[in-house]
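J.:
There are 2 protein chains.
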Amino acid sequence: MTVTLADVAARARVSPATVSRVLNGNYPVASSTRERVLRAVDELDYVLNGPASSLAAATSDLVGILVNDIADPFFGIMAGAAQSEIGGPGDGSGRGGGEKLAVVCNTGGSPERELTYLTLLQRQRAAAVVLTGGALEDPAHQAAMAVKLARLADAGTRIVFCGRPPLPDTDAVVAALAFDNRGGARRLTEHLIALGHRRIGYVAGPLERTTTRHRLEGHREAMKAAGLYGDEESVTVHGPYDRSSGYDATLELLRREPEVTAVVAANDTVALGACAAVRDRGLRIPQDISVAGFDDLPFSVDAVPALTTVRLPLFEAGARAGRLAMGKETPPPGGMATIAAELMERGSTAAPAR
Amino acid sequence: MTVTLADVAARARVSPATVSRVLNGNYPVASSTRERVLRAVDELDYVLNGPASSLAAATSDLVGILVNDIADPFFGIMAGAAQSEIGGPGDGSGRGGGEKLAVVCNTGGSPERELTYLTLLQRQRAAAVVLTGGALEDPAHQAAMAVKLARLADAGTRIVFCGRPPLPDTDAVVAALAFDNRGGARRLTEHLIALGHRRIGYVAGPLERTTTRHRLEGHREAMKAAGLYGDEESVTVHGPYDRSSGYDATLELLRREPEVTAVVAANDTVALGACAAVRDRGLRIPQDISVAGFDDLPFSVDAVPALTTVRLPLFEAGARAGRLAMGKETPPPGGMATIAAELMERGSTAAPAR
DNA sequence: TACCGCATAGAAAGCGCTTGCTACGGCTGT
DNA sequence: ACAGCCGTAGCAAGCGCTTTCTATGCGGTA
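Here it is, written out as structure tokens:
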């Protein structure tokens with residue numbers, strides 16, 4: 000049936016142990032022998048049996064990357080960057096040895112699926128796991144995650160957070176890279192205030208997510224600092240991180256608070272929906288209403304007018320997370336680093352009309 | 000160390016065989032026994048050893064989804080849909096049994112990486128593989144792929160193509176879902192011609208890709224049918240499927256052929272770049288130049304003006320591919336189906352000025 | 001009461017690989 | 001010239017699970 004190590008050994012006239020050692024390159028083998036073995040491998044088109052190998056060695060070459068929404072470039076960019084750092088040598092040029100199988104798992108933002116995927120990766124004895132995106136703030140879920148991650152770490156899995164704040168009471172995590180969502184949001188709102196806006200609507204992300212909360216907090220910090228903090232509830236609307244949510248929420252906002260002169264969206268996708276809503280109400284951007292996003296996804300610069308937003312170095316962060324997962328880079332002190340967010344002032348924000 | 004089947008068996012006072020049978024549910028076990036076993040599993044927080052299981056059973060619960068670019072929603076949407084069909088019961092609500100680990104692998108469009116990933120999946124004895132996106136037309140690579148896929152199929156892996164034309168000489172593939180790129184492109188160009196355009200620029204995708212070729216062929220069919228087929232080379236520019244390529248190519252096009260009144264882009268992302276280029280040249284869309292895309296990605300409706308494009312049912316196709324990979328759906332006759340593409344007429348195209 | 005069959009549980013033989021330990025030359029050092 | 005080493009290669013014992021085959025006990029029928 001399929002070719003086994005033993006077949007290769009027979010053909011190369013060595014023992015299976017030797018073949019294994021040639022393939023793993025972790026034991027001295029005379030070069031003449033090595034060559035003979037490699038030739039046999041080639042001739043027989045031998046492919047290692049992963050499960051058998053993982054079982055015997057008690058480790059696997061699987062690395063999982065968990066994302067909330069694979070259709071969202073926010074995650075796609077990070078995942079792609081991480082994968083390129085993990086997925087073997089260079090550009091897959093050859094059989095370099097450290098061939099890892101980097102795979103991305105789509106949780107759809109569901110906590111159950113997140114745990115399910117972690118269990119599946121635990122089953123596979125994954126070498127590492129990268130968790131991207133904000134965390135859910137439900138205490139029950141956080142506790143379950145802490146337990147699961149601790150178990151994974153126990154089994155030797157390296158755990159890295161990317162764009163997610165560190166878990167309070169776990170040292171299972173190798174490193175946590177957190178985006179400075181709060182600072183970015185603060186600077187964005189400060190920019191709006193500097194332009195002269197006083198009444199600013201906020202289309203927030205889903206409740207109970209760290210990302211949502213941090214961005215909202217940054218915004219309110221800026222408002223407070225400017226003495227503009229009032230009945231914020233009436234100009235804040237929550238919803239998922241998607242376009243239609245931004246559209247609906249913005250219509251609602253404009254209906255509720257006609258004096259609003261600027262709308263800050265939870266992210267760029269939501270901002271796109273917000274722009275559409277503003278226009279459908281017959282208002283101009285930025286003359287009548289300023290709109291701002293967050294993340295600086297690739298399409299944001301092409302919006303008309305180009306979207307003012309906060310740039311997050313998604314690619315760099317993903318790549319770094321990948322390297323940390325592979326142990327190719329030493330973790331930051333304290334196992335945690337904050338990644339700066341940069342304000343991108345573009346055409347969708349301007350001084351209010353009056 | 001970690002909990003094994005034997006530990007569970009000891010605690011439940013049964014044999015390991017019985018525990019295995021309870022977990023797999025493929026053999027009659029008295030309900031009292033089953034209950035006892037399940038309790039032990041719970042109490043010990045037992046997690047199956049995947050490699051051991053796969054080794055013994057000679058199958059694994061891994062399913063691979065190969066994509067060209069994970070940061071591109073085109074692939075993200077398909078992959079997400081496929082994954083949701085594959086990844087276990089419902090929304091991960093519980094331990095339903097058919098828990099598969101659906102993982103997406105990012106090839107970055109590189110043929111080597113594509114093969115590398117297939118080898119890695121073969122190593123893991125993957126249950127199924129879904130290949131998305133157009134194929135490279137390099138004969139050497141196609142041959143290598145055919146061989147590799149045949150081997151995978153031999154080992155029991157189910158192979159499904161999604162948005163990729165069937166391989167000529169392989170019956171290793173369970174099913175191939177191909178998009179009607181040619182027909183969609185033809186109808187799009189017909190629409191432009193009907194509006195009165197005569198000189199139409201085409202910003203094509205990368206060479207040697209089936210998707211690129213089919214879309215270009217559809218476009219030229221329409222041009223020929225209208226008697227407009229001339230020196231097409233001078234109004235066609237190739238480049239990768241990204242925004243900056245669209246921008247550069249369009250500038251080049253407008254420089255080379257000032258009489259062009261419409262630009263058709265290889266996909267929506269490229270179209271966004273094209274729009275930016277048109278505007279930077281001081282021209283208006285659609286009054287001076289019409290622009291059209293392909294795929295109808297979510298952001299396309301939010302472009303200003305909204306992008307005329309060709310809608311591909313990415314989600315539905317991905318979901319169907321997922322079901323086919325799981326054997327939940329019977330393959331179409333001949334193992335291949337063509338998926339219709341629908342023209343979406345929106346604001347970015349209009350009759351030319353004169 | 002004796003026999004047969006069914007339902008259920010256990011024993012044990014691997015699945016294909018890794019790796020600690022052992023074995024065996026040929027070289028070096030004295 | 002002999003002991004001791006180093007460089008290589010093989011032996012064999014698992015890794016933790018699945019699954020075939022066998023054993024046991026029970027109820028029902030003749």
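Here the protein sequences come in this chain order: V and Z.
Everything in the first sequence is counted per my numbering, starting at 0 for the first residue and increasing by one.
Everything in the second sequence is counted per my numbering, starting at 0 for the first residue and increasing by one.
Positions of the beta carbon are idealized from the N, C-alpha and C atoms, including for glycine.
Since we're looking at a predicted model, the values are computed, not measured.
Within 10 angstroms of the Cβ of residue 113/V, are there 16 or more other Cβ atoms? Answer buried if so, exposed if not.
T.: On the first sequence, residue 113/V is found 114 positions in, with the first residue counted as 1. Per the 10 Å Cβ criterion, buried.
J.: May I have the straight-line CA-CA distance separating residue 302/V from residue 345/V, to the nearest angstrom?
T.: Along the first sequence, read from residue 1 onward, the residue named residue 302/V stands at position 303. Along the first sequence, read from residue 1 onward, the residue named residue 345/V stands at position 346. Residue 302/V and residue 345/V: Cα-Cα distance of roughly 10 Å.
J.: Helix, strand or coil for residue 348/V per DSSP?
T.: As a working note, residue 348/V is residue 349 in the first sequence. Looking at residue 348/V - three-state DSSP - the assignment turns out to be coil, as it is neither helix nor strand.
J.: Would you call the segment 41-53 of chain V and the segment 65-79 of chain V touching, i.e. three or more CB-CB distances under 8 Å?
T.: no
J.: According to the neighbour-count rule (16 or more other Cβ atoms, all chains shown, within 10 Å of its Cβ), is residue 181/V buried or exposed?
T.: Start at 1 with the first residue of the first sequence, and residue 181/V comes out as number 182. Residue burial annotation: residue 181/V is buried, with at least 16 other C-beta atoms found within 10 angstroms of its C-beta.
J.: Beta carbons nearer than 8 Å to chain V: which residues of the segment 285-298 of chain Z have them?
T.: 297 and 298
J.: Given that a residue counts as buried once 16 or more other Cβ atoms are within 10 Å of its Cβ, and exposed if not, what is residue 105/V?
T.: For the purposes of this step, residue 105/V is identified with residue 106 of the first sequence, where counting begins at 1. So residue 105/V ends up on the buried side.
J.: How is residue 140/Z classed by DSSP in three states: helix, strand or coil?
T.: As a position in the second sequence, residue 140/Z is number 141, starting the count at 1. Reduced to three states, the DSSP call for residue 140/Z is helix.
J.: Could you check the C-alpha separation between residue 234/Z and residue 135/Z for me, to the nearest Å?
T.: Position 235 of the second sequence holds residue 234/Z. Position 136 of the second sequence holds residue 135/Z. If I take the Cα positions, the gap works out to 24 Å.
J.: Just the Cα atoms here: how many angstroms apart are residue 328/V and residue 100/V?
T.: On the first sequence, position 329 is the one that residue 328/V refers to. On the first sequence, position 101 is the one that residue 100/V refers to. Roughly 19 Å separates the two Cα atoms.
J.: How would you label residue 286/V, buried or exposed, when you count the other beta carbons within 10 angstroms and need 16 or more for buried?
T.: The sequence position of residue 286/V within the first sequence is 287, counting from 1. Classification for residue 286/V: exposed.
J.: Evaluate residue 295/V with the Cβ neighbour count: other Cβ atoms within 10 Å of its Cβ, from every protein chain shown; 16 or more gives buried, anything less gives exposed.
T.: Within the first sequence, the letter at position 296 stands for residue 295/V. That one is buried.
J.: Any idea which residues DSSP pairs residue 201/V with across the strands?
T.: On the first sequence, residue 201/V is found 202 positions in, with the first residue counted as 1. In the DSSP output, where bridge partners are listed per residue, residue 201/V has 235/V and 263/V.
J.: If the cut is a Cβ gap below 8 Å, which residues of chain V does residue 24/Z touch?
T.: On the second sequence, residue 24/Z is found 25 positions in, with the first residue counted as 1. Per Cβ cutoff of 8 Å: no residues; residue 24/Z is ~17 Å from chain V at best.
J.: My understanding is that residue 81/V touches residue 179/V, with C-beta atoms under 8 Å, so please give their C-beta distance in whole angstroms.
T.: Within the first sequence, numbered from 1, the residue matching residue 81/V stands at position 82. Within the first sequence, numbered from 1, the residue matching residue 179/V stands at position 180. Contact doesn't hold; Cβ gap of about 20 Å is too wide.
J.: Helix, strand or coil for residue 74/Z, going by three-state DSSP, please let me know.
T.: Taking the second sequence and counting its residues from 1, the one referred to as residue 74/Z is at position 75. In the structure shown, residue 74/Z sits in a helix (DSSP, three-state: H, G or I).
J.: Are residue 372/V and residue 151/V close, meaning C-beta to C-beta below 7 Å?
T.: Residue 372/V falls outside the range modelled here, since chain V spans only 0 to 353, and no answer is possible.
J.: Which residue comes first and which comes last in the beta strand (DSSP E) that contains residue 63/Z?
T.: In the second sequence, the residue the question calls residue 63/Z occupies position 64. Counting along the chain, the beta strand (DSSP E) containing residue 63/Z begins and ends at 61-66.
J.: Using Cβ-Cβ distances below 9 Å, what residues of the segment 41-55 of chain V are close to chain Z?
T.: Identification of residues in the segment 41-55 of chain V having a C-beta nearer than 9 Å to some C-beta of chain Z yields 44, 46, 47, 48, 49, 50, 51, 52, 53, 54 and 55, given in sequence order.
J.: Are residue 20/V and residue 28/V touching if we call contact CB-CB under 7 Å?
T.: To locate residue 20/V, count along the first sequence from 1; it is residue 21. To locate residue 28/V, count along the first sequence from 1; it is residue 29. It is a contact, given that the beta carbons lie within the stated cut-off.
J.: Taking the straight line between their C-alpha atoms, what separation do you get for residue 92/Z and residue 317/Z?
T.: Numbered from its first residue, the second sequence carries residue 92/Z at position 93. Numbered from its first residue, the second sequence carries residue 317/Z at position 318. Model confidence at residue 92/Z stands at a pLDDT of 30, short of 50, so the residue's coordinates are unreliable and nothing is read from them.
J.: Taking only beta-carbon atoms, is residue 271/V less than 7 Å away from chain Z?
T.: On the first sequence, residue 271/V is found 272 positions in, with the first residue counted as 1. True, the Cβ-Cβ gap to chain Z drops below 7 Å.
J.: Helix or strand or just coil, what does DSSP make of residue 289/V?
T.: Position 290 of the first sequence, counted from the start, is the residue given in the question as residue 289/V. Here residue 289/V sits in strand by DSSP.
J.: Could you check where the alpha helix (DSSP H) with residue 298/Z kicks off and where it finishes?
T.: The residue labelled residue 298/Z in the question sits at position 299 within the second sequence. No alpha helix (DSSP H) holds residue 298/Z; DSSP gives it neither H nor E.
J.: Give a yes or no on whether the minimum CB-CB distance between residue 75/V and chain Z is below 7 Å.
T.: One-based indexing of the first sequence puts residue 75/V at position 76. With 7 Å as the cut-off, residue 75/V counts as an interface residue toward chain Z.
J.: In chain order, what residues of the same chain have a beta carbon less than 6 Å from the beta carbon of residue 94/V, not counting five sequence neighbours either side?
T.: For the purposes of this step, residue 94/V is taken as the residue at position 95 of the first sequence. Note on residue 94/V: pLDDT 35, under 50, position unreliable in the model; the coordinate value appears next. Correct list: empty, nothing qualifies.
J.: Just tell me which of 162/Z, 244/Z and 216/Z has its CA closest to the CA of residue 202/Z.
T.: To locate residue 202/Z, count along the second sequence from 1; it is residue 203. Residue 244/Z is the option with its Cα nearest to residue 202/Z.
J.: For residue 348/V, which residues from the same chain have a beta carbon less than 8 Å from its beta carbon, with the 5 sequence-adjacent residues on both sides left out?
T.: Numbered from 1 along the first sequence, position 349 holds the residue referred to as residue 348/V. Around residue 348/V: 190, 191, 194, 261, 285, 289, 290, 291 and 307.
J.: Does the beta-carbon of residue 84/V have 16 or more other beta-carbons within 10 angstroms, so that it is buried, or is it exposed?
T.: By 1-based counting over the first sequence, the position of residue 84/V is 85. Per the 10 Å Cβ criterion, buried.
J.: Less than 6 Å between C-beta atoms, sequence neighbours within five positions excluded: which residues of the same chain meet that for residue 351/Z?
T.: Against the second sequence, residue 351/Z aligns to sequence position 352. Contacts found: 195, 196 and 260.
J.: Three-state secondary structure (DSSP) at residue 101/V?
T.: As a position in the first sequence, residue 101/V is number 102, starting the count at 1. Three-state DSSP puts residue 101/V in a strand.
J.: Quick check on DSSP: helix, strand or coil for residue 341/V?
T.: In the first sequence, residue 341/V corresponds to position 342, counting from 1. Strand.
J.: Among 236/V, 125/V and 311/V, which residue has its Cα nearest to the Cα of residue 249/V?
T.: Locating residue 249/V in the first sequence gives position 250, where the first residue counts as 1. The option with the nearest alpha carbon to residue 249/V is 236/V.
J.: In three-state terms, what does DSSP make of residue 208/V?
T.: Taking the first sequence and counting its residues from 1, the one referred to as residue 208/V is at position 209. Of the three classes helix, strand and coil, the one that applies to residue 208/V here is strand, per DSSP.
J.: Among residues of its own chain, excluding the 5 on either side of residue 297/V, which ones have a beta-carbon nearer than 7 Å to its beta-carbon?
T.: Taking the first sequence and counting its residues from 1, one reaches residue 297/V at position 298. Correct list, in chain order: 72.
J.: Which residues, taken in chain order from the segment 313-324 of chain V, show a beta carbon closer than 8 Å to some beta carbon of chain Z?
T.: none
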